[in-house]
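Asker: Going by my numbering, the first residue of the sequence shown is number 338, and it counts up by one from there.
Don't be surprised by glycine CBs; every beta carbon is placed ideally from N, CA and C.
Values in this document were obtained by computation on a predicted structure and should not be read as measured data.
Have a look at this one before I ask anything.
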Amino acid sequence: MPSPSDTTPGLTRRTILHAAATVPFAASVTGVARAEPSSGARIATLNLGLGVSLTPVLFAEDATQRRRVVGDLYESVRVSDVPRRMAVLADELAATGADVVALQEAASVAADGIDSVDFLDELTQALDGSDENYRVAAVSETTSVSLPGLIDDEETTVTLRDRDAILVRGGVESTEMPNVTLDATLAVPLGEEGETVEISRGVAAAGVSVSGGPTFAVGSTHLERASSEIRTAQATELAAWADQRDGRVVVAGDVNATPGDEAYDTLASSLKSVTGDVGPTCCRSSDLTSGDLSRTVDHVFVRGFDGTDPTRFVTSDDLRIETPEGERWPSDHAGVVVNLDAVPIETASPSATPTPTVTTQPSPEPTTSSTPTEQPTSSPTDGTSTSADAAGFGILASLVALVVAVVRARQHD
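Structure (structure tokens):
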């Protein structure tokens, strides 16, 4: 199956893929559609990518420099041209013909007194102008951090909010489900007073039915990059969340783990991976200017479905955009899309995954944030890289980097 980034003379990729996606999945390659309602769905997952390098934040030597560096974070996001980046990603998503889209790093970066940069708003506005009528079905805010900054010599406060989200295509039915805050969190120490900032992860969740087919639960998630121990604990909670759902389940997102990693295997022991061999999806450089994809960390796991034709998108060099600081990719990740067909669910399917309690949140309106709960935390002490430029570290690296900058600045003040 060609990548959505490919083109065919005389036909647009959107025309081809939209036509394929709007016909119930065929019983054979001849394109003969089933007469009964579709029993499948087309699922995509994409990490939108913050799009800035955080290395300078780690080396602020005093309060004034720290404020300038924090202010530069906002300016760097603005210079990365989020509206154009999201417009490119909107075209790519529309071209996949996906019924359901799981998003990660659907971030918001705001400075007091200055317009905010909202990735999810920009993406949905761009999708409104496409042939596909996508709407937001769920949003879960996992972490929010605010720090003093300096922009154009004016003091301000810069706030980063990390969110996961789910979009559904027009005609796809969706119902609210409680979002989830995972208990395992990354605790970042603030100086010698014992203070910490907790970097939380979670699940944006919705019930979905495509073309009159069976309703299934969808979870969009982004697991921890900085600590394999925390990531595995989060994967265990995520598997427990899936086990607690009745019927069919889809978990999609950036799990920051490749096949064979403990977190990946934890999920694969409870659910079925349908994208493990799709090819590398991570990661270009954090500032989106360079780098090659080398690891497969963006996945779709299912129960009650078979998956076919997993395909990457956001892979073509033609997608790079011009910015004042040179060409940039629209995201540091490639996306993944896969066809799902419903299959009978085994009534007795023992799971090797423990089933801890999962903390749920009331399902918010698309713009309502959820508040992380206070839970036992872990620090990134297992030797995993915590560089802000590490591939796949993303917006939570930004939050950690900002906190580390505060700690170092305190030691110099």
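Are at least three pairs of beta-carbons, each pair with one atom in the region 484-492 and one in the region 402-411, less than 8 Å apart?
Answerer: Output reads yes: the region 402-411 touches the region 484-492.
Asker: Compute the distance between the beta-carbons of residue 642 and residue 600, then report whether it is under 8 Å.
Answerer: Not in contact: residue 642 and residue 600 (Cβ atoms no closer than 8 Å).
Asker: Should residue 653 be labelled buried (16 or more other beta-carbon atoms within 10 Å of its own) or exposed?
Answerer: Exposed: under 16 other Cβ atoms inside 10 Å.
Asker: What did DSSP end up calling residue 441 once you bin it into helix, strand or coil?
Answerer: Looking at residue 441 - three-state DSSP - the assignment turns out to be strand.
Asker: For residue 596, does the count of other Cβ atoms within 10 angstroms reach 16, so buried, or fall short, so exposed?
Answerer: Label assigned to residue 596: exposed.
Asker: Taking its Cβ as the centre, do 16 or more other Cβ atoms sit within 10 Å of residue 452, making it buried, or is it exposed?
Answerer: When all chains shown are included, residue 452 counts as exposed.
Asker: Which whole runs of the beta strand (DSSP E) in the region 590-645 are 3 residues long or more, in chain order?
Answerer: Those beta strand (DSSP E) runs which fall completely within the region 590-645 and span 3+ residues are 635-640.
Asker: How many Å lie between residue 649 and residue 630 at the Cα?
Answerer: Distance between the alpha carbons of residue 649 and residue 630: 11 Å.
Asker: For residue 501, is the classification buried or exposed, using 16 other Cβ atoms within 10 angstroms of its Cβ as the cut-off for buried?
Answerer: So residue 501 ends up on the buried side.
Asker: Just how far apart, CA to CA, sit residue 605 and residue 638?
Answerer: Their Cα atoms are separated by approximately 7 Å.
Asker: Less than 8 Å between the C-beta atoms of residue 625 and residue 665, yes or no?
Answerer: In this structure, residue 665 lies closer than 8 Å to residue 625 by Cβ.
Asker: Give the secondary structure of residue 582 by DSSP, where H, G and I count as helix, E and B as strand, and everything else as coil.
Answerer: The answer is coil: DSSP assigns residue 582 none of H, G, I, E or B.
Asker: Using 10 angstroms around the beta-carbon of residue 470, count the other beta-carbons present and answer buried if the total reaches 16, otherwise exposed.
Answerer: With fewer than 16 Cβ atoms within 10 Å of its Cβ, residue 470 is classed as exposed.
Asker: Tell me which residues share the same chain as residue 687 and place their Cβ nearer than 6 Å to its Cβ, disregarding the 5 neighbours each side in the sequence.
Answerer: Summary for residue 687: the model assigns pLDDT 44, below 50, so the residue's position carries little reliability; its value from the coordinates is reported in the next sentence. So the list is empty, once near-sequence residues are dropped.
Asker: Note down the Cα distance separating residue 416 from residue 568, rounded to an integer number of angstroms.
Answerer: Looking at the two C-alpha atoms, the distance is approximately 32 Å.
Asker: When DSSP labels each residue in this structure, what does residue 567 get in the three-state scheme?
Answerer: If DSSP states are grouped into helix, strand and coil, residue 567 belongs with the helices.
Asker: Does the beta-carbon of residue 659 have 16 or more other beta-carbons within 10 angstroms, so that it is buried, or is it exposed?
Answerer: Exposed.
Asker: From residue 521 to residue 558, what distance separates their C-alpha atoms?
Answerer: Cα to Cα, residue 521 sits roughly 14 Å from residue 558.
Asker: Please classify residue 377: is it buried, with 16 or more other beta-carbons within 10 angstroms of its beta-carbon, or exposed?
Answerer: The residue in question, residue 377, is buried, as its Cβ has 16 or more Cβ neighbours within 10 Å.
Asker: Smallest Cα separation from residue 646: which of 675, 537 and 628?
Answerer: The shortest Cα separation from residue 646 among 675, 537 and 628 belongs to 675.
Asker: What is the rounded straight-line gap between the Cα of residue 540 and the Cα of residue 516?
Answerer: Roughly 6 Å between the two C-alpha positions.
Asker: On the DSSP bridge assignment, give the partners of residue 675 in chain order.
Answerer: DSSP lists 380 as partners of residue 675.
Asker: To the nearest whole angstrom, what separates the beta carbons of residue 519 and residue 536, a pair I think is in contact under 8 Å?
Answerer: That pair is no contact at about 11 Å.
Asker: Please identify the residue among 591, 623 and 669 whose C-alpha is closest to the C-alpha of residue 634.
Answerer: Among 591, 623 and 669, the Cα nearest to that of residue 634 is on 591.
Asker: Residue 672: which of 481, 553, 441 and 683 sits nearest, CA to CA?
Answerer: Here the closest residue by C-alpha is 441.
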